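Here is the structure we will look at.
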Amino acid sequence: MSAKILIADDEPFIARSLSYVLEKSGYEIYLARDGEEALRRAIDVKPDLVFLDLMMPKKNGYEVCSEIRNHPELQNVPIILITAKGQKADLERGLEAGANEYMTKPFSPTQVVARVKQVLGAS
C-alpha cells in the first residue's frame, strides 16, 4: 500500500506540480486549497505525510501545523512546510509550530522525492 500524502497549497501550479511528481513516484495524493480544508482533509484521510504552504487563505500553514500537532490522531504525522519565504525567522517559527522539514520554493522534483523518502524513512 502506498503512502498517503496531503498537499495543502492555494497555488494550483505548485499543487499540481507536487501532485504529479509524487504520483509518478507511487504515492497516493490528496489536495487542499486552504488551511481549513487542509485540516479537514488531514482528519478524514489520516495521511502519512503533509505538505503545508505557509501562506494560505482561511488558516495559514503555521496554524494548521499547530492544530495537526495538537490532534490526537495526527500528532505524529510528518509535516513539510513549503514557502517562498526563506528567512531564518520563518524557519524557526515553522519548526516551533511542529514542522519536521522546511522547503523553500522553487524546488526540483528530485529534491521533493528525496525529501519525502527521507521523512518517511524509505531508502
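For the sequence shown, the numbering used here begins at 633 and goes up steadily by one. We put the CB at the ideal spot given by N, CA and C, even for glycine. Please read all numbers here as calculations on a predicted model, not as lab measurements.
message: Starting from D676, trace the alpha helix (DSSP H) in both directions and tell me its first and last residue.
response: Segment 667-677, the alpha helix (DSSP H) holding D676.
Cα-Cα separation, S755 to K749: Residue confidence is low: S755 scores 39 on pLDDT, short of 50, so the model does not pin down where it sits. Its coordinate-derived value is still stated next. Linking S755 to K749 through their CA atoms gives a straight-line distance of about 6 Å.
- request: Measure how close the beta-carbons of L681 and K717 come, nearest whole angstrom, since I'm counting them as under 8 Å.
  value: No, L681 and K717 are not in contact; Cβ-Cβ is about 21 Å, not under 8 Å.
- prompt: For I758, which residues from the same chain have a beta carbon less than 8 Å from its beta carbon, with the 5 sequence-adjacent residues on both sides left out?
  reply: What the structure shows of the chain is the stretch from 633 to 755, and residue 758 is not part of that stretch, so it cannot be assessed.
query: Near G730, what residues of its chain come up, given a Cβ to Cβ distance below 8 Å and the 5 sequence neighbours on each side ignored?
result: Cβ neighbours of G730 beyond the five flanking positions: C697, S698, I700, R701, I711.
message: For L723, which residues in the same chain have their Cβ closer than 8 Å to its Cβ, ignoring the five residues on either side in sequence?
response: So the list reads Y734, once near-sequence residues are dropped.
- prompt: Just reading off the alpha helix (DSSP H) that D641 is part of, what are its end residues?
  reply: Premise fails: D641 is in no alpha helix (DSSP H) and is neither H nor E.
Top-ranked residue by Cα proximity to F645, from A746, L752, K737, G753: Minimum Cα distance to F645 is reached at K737.
message: In this structure, how does DSSP classify S755 when only helix, strand and coil are distinguished?
response: Low per-residue confidence applies at S755: pLDDT is 39, beneath 50, and the placement is therefore not dependable, though the value from the model is reported in the following sentence. Note: S755 maps to coil in three-state DSSP.
message: Please confirm whether Q707 has its beta-carbon closer than 7 Å to some beta-carbon of chain B.
response: Among the chains in the structure shown there is no chain B, since it carries only a single protein chain.
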